[in-house]
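S.K.: The working numbering applies: residue 850 is where the sequence shown begins, and numbers increase by one.
Here it is: the structure, laid out below.
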Amino acid sequence: MVKSHQHLTFFHLFSLISCTLLFLLFFSPPFLFFSQFPVQSFVSNNISSSNKKIYSNGNANINNGGGPCSSITNNTICCDRTSYHTDVCFMRGDVRTHPPSFSITLYSTSINASLEQSHELKIKPYTRKWEAFLQDKIEELSLKVINASPSAPILHCDIHHDAPALFFSAGGYTGNLFHAFNNGILPLYITSQHLNRRVIFVVLQDHKWWHTRYHEILSQLSGYPPIIFSKDEVRTHCFPEAIIGLRFHGTLTIDPTQMNDRKTAEDFHQFLDKAYKHRAKRYMHVHAIITDEKPKPRLVIISRNGSRAIENEGELVQLGKKIGFHVQVMKPECMELAEIYQVLNSSNVMVGVHGAGLTHFLFMRPGSVLVQIVPIGVDELARSCFGEPAEKLGMKYVEYKIEPRESSLYRKYEDSDPVLSDPESVNGKGWQVTKDVYLEGQNVSLDLQRIGVHLVRVFQYVVSLRGL
């Protein structure tokens, strides 16, 4: 009994870490406890009434997340380090950048006499602070508070801004779709949407392709051109306020209880609709269904190349049509995000094998259905990465766990081999083994009769829900 409990506890922790390390080439030791870090803050008296708030409502707070920095007075730097995943700092007052030294300085003319003449904090603005291997690759910012006395040198402002800055890193795992949304887009939305586009993104470790691919989303969050923060930038930018770092609520999750304005996952979907609806119209004729018959429920199959591919995908398509769906096979790597959004936002069901491509469930309407095909060895991983977030979005989640004979591993190993008979013990050897064996080492050949039972139920659900 004790052994069983130990296995359950370990695998729960393993799935949490594995989800965040999806498709990566290394293993990082799992954490055992939630850690709270001491909040570091520095508060000084007002220095000037010239630092005006720039919001349309006049009372907006750059911090929409509450916590230790819920109230930010003028000429203040406050860092919230209570999250296991991310640090977020706030600066209000005369804020000036110095890219060559990777520093941001808050100048004050009236520092409290009980405090030192200067104060400095460090932060790496990426939402995976628990991962030491990655943190070594994230650029660090120095946040300083300096007494702006007549004798002290002060950075000259080359460019004045009347909107707050939001500093964050586009490094890390941004190239992976899952991480692009999980560690980038969603945290950006959580941290900045309440500012109503009156915020300037200052990006560390920038990639031009990132701006191009996610332009529609970024332009809905900020009405200003982004500023690239690098040591090659010699100009000093001056802001009335700054946010450094991004909030993180959980895997592909928005938690309204952690936001002052109580935004939900459904609000995020409406945000995506606003971002993509204009460009998505260009693709409507491409994917339009022309028929005189009563419209059928639309089912989209996310096709994969390489590992975890559906070997009998063509037969699955025919099965879906036989059940009564209009079936479309989608290859996301060959499509623009606006086109993917148009297809999925007008569909009822998405089917796919566990993998980063399932992140596109965020594009589907609440009430739609996600059918995740779960290969051997990734049960908990599949649930935590996509199952639970889909349900939080208001979708119906259906999990199809394959049997050993549906895996290509069945052709490589004996029935008694732990790879087939005891995946938990194999996963216990570490992330690299899981990655090699279960994520990159298997495809699936579906039992059509078995998965057909699930798809018939999904069809009946959609018909009853949509009145089709």
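Backbone N, C-alpha and C fix where the C-beta goes; we use that ideal spot for every residue, glycine too.
W1058: buried (16+ other C-beta within 10 angstroms of its C-beta) or exposed?
M.R.: That one is exposed.
S.K.: Suppose only complete runs of 3+ residues qualify. What are the beta strand (DSSP E) ranges in the segment 1145-1178, listed by chain order?
M.R.: You should have 1147-1151.
S.K.: What beta strand (DSSP E) runs, 3 residues minimum, are completely inside the segment 953-1031?
M.R.: Taking only runs of at least 3 residues, the beta strand (DSSP E) segments lying wholly in the segment 953-1031 are 967-972, 990-996, 1014-1018.
S.K.: Is P1224 closer than 9 Å to V1293 when the C-beta atoms are compared?
M.R.: Yes, Cβ-Cβ distance for V1293 and P1224 is below 9 Å.
S.K.: With a CB to CB cut of under 8 Å and the five nearest residues on each side skipped, what residues in its chain are close to S1196?
M.R.: Closer than 8 Å at Cβ, skipping near neighbours: R1147, L1148, V1149, Q1177, M1213, S1217.
S.K.: If distances are taken between C-alpha atoms only, which option among P1089, H934, D1271, Y933 comes closest to N924?
M.R.: Taking only the C-alpha atoms, the option nearest N924 is P1089.
S.K.: Among residues of its own chain, excluding the 5 on either side of G988, which ones have a beta-carbon nearer than 8 Å to its beta-carbon?
M.R.: Just to set this straight, residue 988 is Glu in the shown sequence, not Gly. Taken in chain order, the residues that qualify are F951, K973, S1018, G1020, L1053, Q1054.
S.K.: Hey, out of L1095, H1056, S1265, whose CA is closest to F1078's CA?
M.R.: Closest option to F1078, Cα to Cα, is H1056.
S.K.: Whose C-alpha, out of W1280, S1071, R1153, is nearest the C-alpha of R1047?
M.R.: For R1047, the nearest C-alpha among the options comes from S1071.
S.K.: Taking Cβ to Cβ, would you say T935 is nearer than 9 Å to L1193?
M.R.: Going by C-beta atoms, T935 is not nearer than 9 Å to L1193.
S.K.: Measure the alpha-carbon distance for Y1038 versus S1257 and round it to whole angstroms.
M.R.: Cα to Cα, Y1038 sits roughly 40 Å from S1257.
S.K.: How would you call P887, buried or exposed, if buried means at least 16 neighbouring beta carbons within 10 angstroms?
M.R.: The pLDDT assigned to P887 is 28, lower than 50, so where the model puts this residue is not dependable; a value taken from the coordinates is nonetheless given after this. When all chains shown are included, P887 counts as exposed.
S.K.: Tell me whether T1106 is buried or exposed, calling it buried when 16 or more other Cβ atoms sit within 10 Å of its Cβ.
M.R.: Exposed.
S.K.: Step through the CB atoms of chain D and report whether any lies within less than 9 Å of the CB of N924.
M.R.: Of the protein chains in this structure there is only one, and it is not chain D.
S.K.: Give the straight-line distance between the Cα atoms of A1231 and L1121, rounded to the nearest whole angstrom.
M.R.: Going from the Cα of A1231 to the Cα of L1121 covers about 24 Å.
S.K.: So, with DSSP's three-state summary, where would you put V944?
M.R.: Reduced to three states, the DSSP call for V944 is strand.
S.K.: Are the beta-carbon atoms of N1045 and G915 separated by less than 9 Å?
M.R.: No, the Cβ-Cβ distance between N1045 and G915 is not below 9 Å.
S.K.: Here's a check: name, in chain order, each residue in its chain whose Cβ is nearer than 6 Å to the Cβ of F1097, leaving out the five neighbours to either side.
M.R.: H934, T935, T976, P1036.
S.K.: Find the nearest neighbour of D826 within the set K1143, D1296, D1228, judged by alpha-carbon distance.
M.R.: A question about residue 826 goes unanswered here, because the residues of the chain that appear run from 850 up to 1317.
S.K.: For P949 versus V1051, is the C-beta spacing smaller than 9 Å?
M.R.: No, Cβ-Cβ distance for P949 and V1051 is not below 9 Å.
S.K.: Looking at L1295 and S1165, is the spacing between their C-beta atoms short of 9 Å?
M.R.: Note on identity: in this sequence residue 1165 is Leu, with Ser being the wrong assignment. Result yes, Cβ atoms of L1165 and L1295 sit closer than 9 Å.
S.K.: Please return the same chain residues whose Cβ sits closer than 6 Å to the Cβ of L1207, not counting the five positions on each side in sequence.
M.R.: Excluding sequence neighbours, L1207 sits near G1201, F1235.
S.K.: Considering only C-alpha positions, which residue in the set I1066, V1307, S1156 is nearest to E1185?
M.R.: Nearest option by C-alpha distance: I1066.
S.K.: Would you call the CB atoms of Y1125 and Y1073 closer than 9 Å?
M.R.: In this structure, Y1073 does not lie closer than 9 Å to Y1125 by Cβ.
S.K.: Using DSSP bridges, identify the partner residues of V1051.
M.R.: The partner list for V1051 (beta bridge, DSSP) reads F1016, I1076.
S.K.: Using three-state DSSP, classify N929 as helix, strand or coil.
M.R.: Note that residue 929 corresponds to Asp in the displayed sequence, not to Asn. It is a strand residue.
S.K.: Could you tell me if H1028 is buried or exposed, where buried requires 16 or more neighbouring beta carbons within 10 angstroms of its beta carbon?
M.R.: Per the 10 Å Cβ criterion, buried.
S.K.: Ordered along the chain, which non-local residues of its own chain (more than five positions away) have a Cβ less than 6 Å from that of V1319?
M.R.: The question about residue 1319 has no answer here: the residues shown for the chain are numbered 850 through 1317.
S.K.: Would E1289 be called buried (16 or more neighbouring beta carbons within 10 Å of its own) or exposed?
M.R.: Exposed, by the Cβ-count rule.
S.K.: Hey, which unbroken runs of the beta strand (DSSP E) at 3 residues or more fall wholly within the segment 1200-1279?
M.R.: Here the runs fully enclosed are 1218-1223, 1245-1250.
S.K.: How is the beta strand (DSSP E) around H1086 delimited, first residue to last?
M.R.: 1086-1093 is the extent of the beta strand (DSSP E) around H1086.
S.K.: Between A1158, G1226, F1210, K1245, which has its C-alpha nearest L1269's C-alpha?
M.R.: When each option's Cα is compared against that of L1269, the closest is G1226.
S.K.: Among residues of its own chain, excluding the 5 on either side of H1303, which ones have a beta-carbon nearer than 8 Å to its beta-carbon?
M.R.: Same-chain partners within the cutoff: V1220, V1247, Y1249.
S.K.: For H1043 versus N913, is the C-beta spacing smaller than 9 Å?
M.R.: Yes.
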